[in-house]
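A short write-up of the structure that comes next.
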Amino acid sequence: MEIGKLDRRTCLEIWGDGNCLPPIDTGLLSPDEVIIRLKCKDAFASYAELSAYKLDASVALSLYYEILSFEGGFSLRSAADDAVWRRLSVQVLPDYVAVRWGASADGVLPGDHYWMKPQRVWLKCLWWYCHLSRQGTREETKKVLEFGSTDAIQAVVERPGDGGFRVELCREIMKRLTHAGFSVEMLKRVMKLNTTRVCLVEPAFFSGGIPGYVDSLIGGLSHA
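Numbering-wise, this note's numbering comes out as the position in the sequence shown, counting from 1, plus 10.
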């Protein structure tokens, strides 16, 4: 999948003061980027009227499983590259990002969700939220995402740790909390505790492996 990259300096020149969306020149897009726009058009046609988190969850599923899927040629290397997400957010799909993050009352677009803060870029956050929540099938993943909220996205995506995301651990935490019926507040507490404990304990070597480690996190908080 051919997706361009956009460095921060060029992005700033394009973005300007953030008072209007950058113009989209489809003639300068790669064939794959044109296809990405077409797929987004189909997806957003049914999402635009959804509430904030339902929109987030629906777009996350479509991004991960259909628009920017592994089967379609998207890679973890691209997913970890902020320059790729800047290109998508500012030059390929800014009008779709604006469905969720339009201009504020003062007419300024929230640049953090387009490109300024990598941990807040909307498209990037949604793709990684779905990747870190993924279960056996798309439908099972959808059920996990239905449990969440905008706070859940922040709790999962904004705590990568020094060594990056621990994918299997995040997926186990999401699965267990969803099936157990715990609250999003519990998810936030579990992720916070894990950030501290994982510096001292390797989950894979814990008694019972990763599931046992997650048990210890949940159990400790449940009885606190």
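Even glycine gets a Cβ: it sits at the ideal position worked out from N, Cα and C.
Helix, strand or coil: which one does DSSP assign to Y57?
-> coil
Alpha helix (DSSP H) containing T205: first to last residue?
-> V194 to R207
Residue from T160, G229, L98 and V131 with nearest C-alpha to L38 = L98
Which residues in the same chain as G26 place their Cβ atom closer than 7 Å to its Cβ, once the five residues preceding and following it in sequence are excluded?
-> none
In three-state terms, what does DSSP make of E81?
-> coil
In terms of residue numbering, what span does the alpha helix (DSSP H) encompassing C180 cover?
-> V177 to A190
Would you mind giving the Cβ-Cβ distance between D91 and I163, rounded to the nearest angstrom? I have them listed as a contact below 8 Å.
-> Between I163 and D91 the Cβ distance is about 20 Å, and since that is not below 8 Å, they are no contact.
Can you tell me whether E182 is buried or exposed, with buried defined as 16 or more other CB within 10 angstroms of its CB?
-> buried
Just the Cα atoms here: how many angstroms apart are L231 and Y63?
-> 26 Å
Whose CA, out of D116, K127, I13 and W137, lies closest to the CA of L22?
-> K127
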